[in-house]
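Read through the structure below, which is laid out as structure tokens, and then see the notes.
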Amino acid sequence: MSGAMVTVLEFVGIYVFATSGALLAVHKGFDAVGIVILALLTALGGGILRDLIIGDTPPAAFTNVAYLVIPLVAAVVTFFAHPLVRRLTFTVLVFDAAGLGLFCVTGTLKALDFHLGPVQAVLLGITTAVGGGVLRDITARETPALLVVDTELYAIPAAVGAVMVAVAHEADLATPVVAAGAATFAFLFRVVAMVRHWTAPSAWEPRRRQD
Amino acid sequence: MSGAMVTVLEFVGIYVFATSGALLAVHKGFDAVGIVILALLTALGGGILRDLIIGDTPPAAFTNVAYLVIPLVAAVVTFFAHPLVRRLTFTVLVFDAAGLGLFCVTGTLKALDFHLGPVQAVLLGITTAVGGGVLRDITARETPALLVVDTELYAIPAAVGAVMVAVAHEADLATPVVAAGAATFAFLFRVVAMVRHWTAPSAWEPRRRQD
Amino acid sequence: MSGAMVTVLEFVGIYVFATSGALLAVHKGFDAVGIVILALLTALGGGILRDLIIGDTPPAAFTNVAYLVIPLVAAVVTFFAHPLVRRLTFTVLVFDAAGLGLFCVTGTLKALDFHLGPVQAVLLGITTAVGGGVLRDITARETPALLVVDTELYAIPAAVGAVMVAVAHEADLATPVVAAGAATFAFLFRVVAMVRHWTAPSAWEPRRRQD
Chain F
-18 MSGAMVTVLE
-8 FVGIYVFATS
2 GALLAVHKGF
12 DAVGIVILAL
22 LTALGGGILR
32 DLIIGDTPPA
42 AFTNVAYLVI
52 PLVAAVVTFF
62 AHPLVRRLTF
72 TVLVFDAAGL
82 GLFCVTGTLK
92 ALDFHLGPVQ
102 AVLLGITTAV
112 GGGVLRDITA
122 RETPALLVVD
132 TELYAIPAAV
142 GAVMVAVAHE
152 ADLATPVVAA
162 GAATFAFLFR
172 VVAMVRHWTA
182 PSAWEPRRRQ
192 D
Chain R
-18 MSGAMVTVLE
-8 FVGIYVFATS
2 GALLAVHKGF
12 DAVGIVILAL
22 LTALGGGILR
32 DLIIGDTPPA
42 AFTNVAYLVI
52 PLVAAVVTFF
62 AHPLVRRLTF
72 TVLVFDAAGL
82 GLFCVTGTLK
92 ALDFHLGPVQ
102 AVLLGITTAV
112 GGGVLRDITA
122 RETPALLVVD
132 TELYAIPAAV
142 GAVMVAVAHE
152 ADLATPVVAA
162 GAATFAFLFR
172 VVAMVRHWTA
182 PSAWEPRRRQ
192 D
Chain S
-18 MSGAMVTVLE
-8 FVGIYVFATS
2 GALLAVHKGF
12 DAVGIVILAL
22 LTALGGGILR
32 DLIIGDTPPA
42 AFTNVAYLVI
52 PLVAAVVTFF
62 AHPLVRRLTF
72 TVLVFDAAGL
82 GLFCVTGTLK
92 ALDFHLGPVQ
102 AVLLGITTAV
112 GGGVLRDITA
122 RETPALLVVD
132 TELYAIPAAV
142 GAVMVAVAHE
152 ADLATPVVAA
162 GAATFAFLFR
172 VVAMVRHWTA
182 PSAWEPRRRQ
192 D
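Spelled out as structure tokens, the structure:
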């Protein structure tokens, strides 16, 4: 991936993550402050958690003012145009999947850059991609969508993208093309999971024992 | 503001923030441990978040034992005297507003000291002032008061105080007098918002479309 | 305590903490992703909070892959064998008490190593021992067990163990034997509190005033 393209995708991902936070705030009847807070938290929470853990302070979200302005714009747009935004739900979810694919890869790469082991980097890649959504749900007093049984796969595609990058890195093959491929794969995996309603299993129930 | 006066105000703010945490714990029927935890979290959570983000570890809350002892005293006092403390609700809210005014200014100034940009510093100033209350509400399983429509302005006065300081800093005018003025303005703004029941708007509802 | 014994106990503690997170996820009907997330968060959350606060990044949980693999194993075992694990509830609680005793001591010692004051070190020792459970409950949308009145003492035994170590350290007596004694005392205190149903008091209610 070229640097410019990564930046554009990153801004799109942040915008869409922020929109999902703002939409939840509107849905819960929160006020303008709540809309802004959930937009910022959803867009930036995952990356901030990652950067605090790897010790890169201040986190990237605080180094470029665009990272703060973009969620604020998303909050303002959602504040006024939420009926329209809601009608575009599927479009928003597709862009959200693009953000998921991108952030699981960039998060893993950044952790590897900071010399974390591959397993740790995978965990931080997933955290980057899904952490903001978990913080959004906790703050809005929703059970995190990630945990419940009837939501389509979200963390699993992120995990697959992160593992692909970490394996490529261990094999000294982490080229931009491989990174782009992993991000695309995670993105498509998430989209197909949505369309086909793929979900993760709940705990295994032994039949005999429960009777 | 003179250093001694800032310290006194800071201690008062911490005491009152801790009291609001302890009162919520009593209201929810939590035990003594819950009262202490919510007192500490409310009083120190915002500053700890700010310091972790700017990379000033250990956070200020862990450098001076008074920062821990004051919330513990507030917890003990509330444990025994909560009926009395509750009767002083308006007084507590006024001191809470003083804490809000002070912490949005000192938080912004500290972030600027650590060379963060003005927008980032404003966000961290607001975080310092309101972060503890959000952590208090999340931990006690309340919807954060900050997000809901029918609570009087709280984050907005903090934002105004933080913006005043950041603008003054950019114009090289961040003198102690300006800082004191910004803190006082945020304090009075909050008090008037309480008295007049000013609230933030919820998302804009287009009339035609909803009919 | 010898180094090898501490490591074994630490691994047992992490495994049992992870199991408590995984069991809660099964109980709430969460999916496999939820089981893994709660296992990791419960096992590692307290230590990660401590390390972020003292500034030891990346946190210890990210430096040894065993710290991540053990909770994953606990999640898989619980996923398949949760009816069996549940039948062992008391055994799990006893091992959990062992983890509590160990982590309140090792957390306090690590904070003292990083030159925090004794009061601060005690607070971080308690955070190490109970932080993961609080994060587990918040994420699963339960009121933290620690806060509610009808749960047996949990933070108090951790606090006693932490205070014993901090006092010994201030008196230059923090030998491995003392540390082992403090951990054992906290462990036994927690077990007795469970068996005898010792709870912390809720806020003091003045009889006359309420009439």
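Chains as they are written, first to last, in the working numbering: chain F, -18 to 192; chain R, -18 to 192; chain S, -18 to 192. No residue lacks a Cβ here, since even glycine has one placed at the ideal position from N, Cα and C.
*Report the neighbours of R/Trp185 on chain F: residues whose CB is nearer than 7 Å to its CB, in chain order.*
In chain order: Phe60, Phe61.
*Would a check of beta-carbon distances place F/Pro64 closer than 8 Å to chain S?*
Contacts with chain S at 8 Å (Cβ-Cβ) do not include F/Pro64.
*Are F/Met175 and F/Leu69 close, meaning C-beta to C-beta below 8 Å?*
Going by C-beta atoms, F/Met175 is not nearer than 8 Å to F/Leu69.
*asked:* So, at 7 Å on beta carbons, what are the nonlocal neighbours of S/Ala149 in its own chain, with the 5 sequence-adjacent residues on each side left out?
replied: Counting only residues of its own chain and dropping the five nearest sequence neighbours on each side, S/Ala149 has a CB closer than 7 Å to the CB of Ala155, Val159.
*Just the C-alpha distance for R/Arg190 and R/Thr38, rounded to the nearest angstrom, thanks.*
Only weak support exists for where R/Arg190 lies, its pLDDT of 49 falling under 50; the value from the coordinates is given anyway. Those two C-alpha atoms are separated by around 51 Å.
_Given this structure, state the Cα-to-Cα distance separating R/Val57 from R/Val17, to the nearest angstrom._
Taking the straight line from one Cα to the other gives about 8 Å.
*Starting from the C-beta of S/Val66, find all residues in its chain whose C-beta is less than 6 Å away, skip the five residues before and the five after it, and write them out in chain order.*
Taken in chain order, the residues that qualify are Thr59.
_Within chain S, the residues that F/Thr44 reaches when beta carbons sit closer than 9 Å_ = By Cβ distance, chain S contributes nothing, its closest Cβ being about 17 Å from F/Thr44, past 9 Å.
*asked:* Going by beta-carbon coordinates alone, are F/Leu5 and F/Leu19 separated by less than 8 Å?
replied: Yes, these two residues count as a Cβ contact at 8 Å.
*asked:* Let's test the definition: count the other Cβ atoms within 10 Å of the Cβ of F/Cys0 and tell me whether it reaches 16, buried, or not, exposed.
replied: Looking at the sequence shown, residue 0 of chain F is not Cys but Thr. A buried status is given to F/Thr0, since no fewer than 16 other beta-carbon atoms sit within 10 Å of its beta-carbon.
*What distance in whole Å lies between the Cβ atoms of F/Gly(-6) and F/Thr23, which are believed to be in contact at a cut-off of 8 Å?*
So it is not a contact: roughly 11 Å between Cβ atoms.
*Under the three-state DSSP convention, the category R/Asp153 falls into*: The three-state reading of DSSP puts R/Asp153 in coil, since its state is none of H, G, I, E or B.
*Could you list the residues in the segment 135 to 146 of chain F with a C-beta less than 7 Å from some C-beta on chain S, going in chain order?*
Within the segment 135 to 146 of chain F, the residues whose Cβ lies closer than 7 Å to some Cβ of chain S are Ala136, Ile137, listed in chain order.
*asked:* What does DSSP give as the partner residue(s) for S/Ser183 in the beta ladder?
replied: The partner list for S/Ser183 (beta bridge, DSSP) reads R/Asp12.
*Return the residue from the list F/Ala163, F/Leu134, F/Ala181, F/Ile51 that minimises the CA-CA distance to F/Val173.*
Considering only F/Ala163, F/Leu134, F/Ala181, F/Ile51, the residue with the shortest C-alpha distance to F/Val173 is F/Leu134.
*Buried or exposed (CB count within 10 angstroms, at least 16 for buried), S/His8*: Label assigned to S/His8: exposed.
*Could you list which residues in chain S have their beta carbon closer than 7 Å to that of F/Val100, in chain order?*
Annotation: Cβ neighbours of F/Val100 in chain S (cutoff 7 Å, chain order): Val46, Leu49.
*Hey, is the segment 91 to 100 of chain R in contact with the segment 114 to 129 of chain R, meaning 3+ C-beta pairs nearer than 8 Å?*
Judged by Cβ distances under 8 Å, the segment 91 to 100 of chain R makes no contact with the segment 114 to 129 of chain R, as fewer than three pairs qualify.
*Note down, one range per segment and in chain order, each alpha helix (DSSP H) of at least 4 residues found wholly within the segment 93 to 178 of chain S.*
With a minimum length of 4 residues, the continuous alpha helix (DSSP H) runs that stay inside the segment 93 to 178 of chain S are 99 to 120, 136 to 151, 157 to 177.
_Check for me: the alpha helix (DSSP H) holding R/Ala42 runs from which residue to which?_
Looking at the DSSP string, R/Ala42 is not in any alpha helix (DSSP H), and its letter there is neither H nor E.
*Proximity test, Cβ basis, 8 Å: S/Phe11 and chain F*: Chain F contact via Cβ: present.
*What whole-angstrom Cβ distance do R/Thr132 and R/Thr180 have, given they're in contact under 8 Å?*
For R/Thr132 against R/Thr180, the beta-carbon gap comes to about 7 Å, under 8 Å, which counts as contact.
*From F/Trp185 to S/Asp77, what does the alpha carbon distance come to, in whole angstroms?*
Answer to the nearest angstrom: the Cα atoms are 24 Å apart.
_S/Leu105 to R/Pro187 span [Cα, whole Å]_ = Distance between the alpha carbons of S/Leu105 and R/Pro187: 51 Å.
*Within 8 Å, strictly: CB atoms of R/Asp107 and F/Phe43*: A quick correction: the sequence has Ile, not Asp, at residue 107 of chain R. Cβ distance not < 8 Å, so R/Ile107 and F/Phe43 don't count as in contact.
*With a cut-off of 8 Å, does the C-beta of R/Leu5 fall near any C-beta of chain S?*
Not closer than 8 Å to any Cβ of chain S, the Cβ of R/Leu5 fails to qualify, so no.
*asked:* Mapping the DSSP letters down to three states, classify R/Leu69 as helix, strand or coil.
replied: In the structure shown, R/Leu69 sits in coil (DSSP, three-state: anything other than H, G, I, E or B).
*Just to confirm, are F/Val111 and F/Gly27 a CB contact at a threshold of 8 Å?*
Yes. Within cutoff.
*State yes or no: is the beta carbon of R/Leu25 nearer than 8 Å to at least one beta carbon in chain F?*
Not flagged as an interface residue toward chain F: R/Leu25, since no C-beta distance is shorter than 8 Å.
_So S/Ile35 contacts chain R; which residues on that side make the cut at Cβ distance below 9 Å?_
Thr38, Pro39, Phe43, listed in chain order.
*asked:* Between R/Val130 and chain F, is the shortest Cβ-Cβ distance under 8 Å, so that the two count as touching?
replied: Judged by the 8 Å Cβ criterion, R/Val130 is in contact with chain F.
*Hey, R/Asp12 and S/Ser183 are a contact pair by Cβ (cut 8 Å); roughly how many whole angstroms apart?*
With a Cβ gap of about 5 Å, R/Asp12 and S/Ser183 count as contacting.
_Any C-beta of chain R within less than 8 Å: which residues of the segment 150 to 181 of chain S qualify?_
Listed by position along the chain: Thr180, Ala181.
*Looking at S/Val103 and S/Val144, is the spacing between their C-beta atoms short of 8 Å?*
Yes. Within cutoff.
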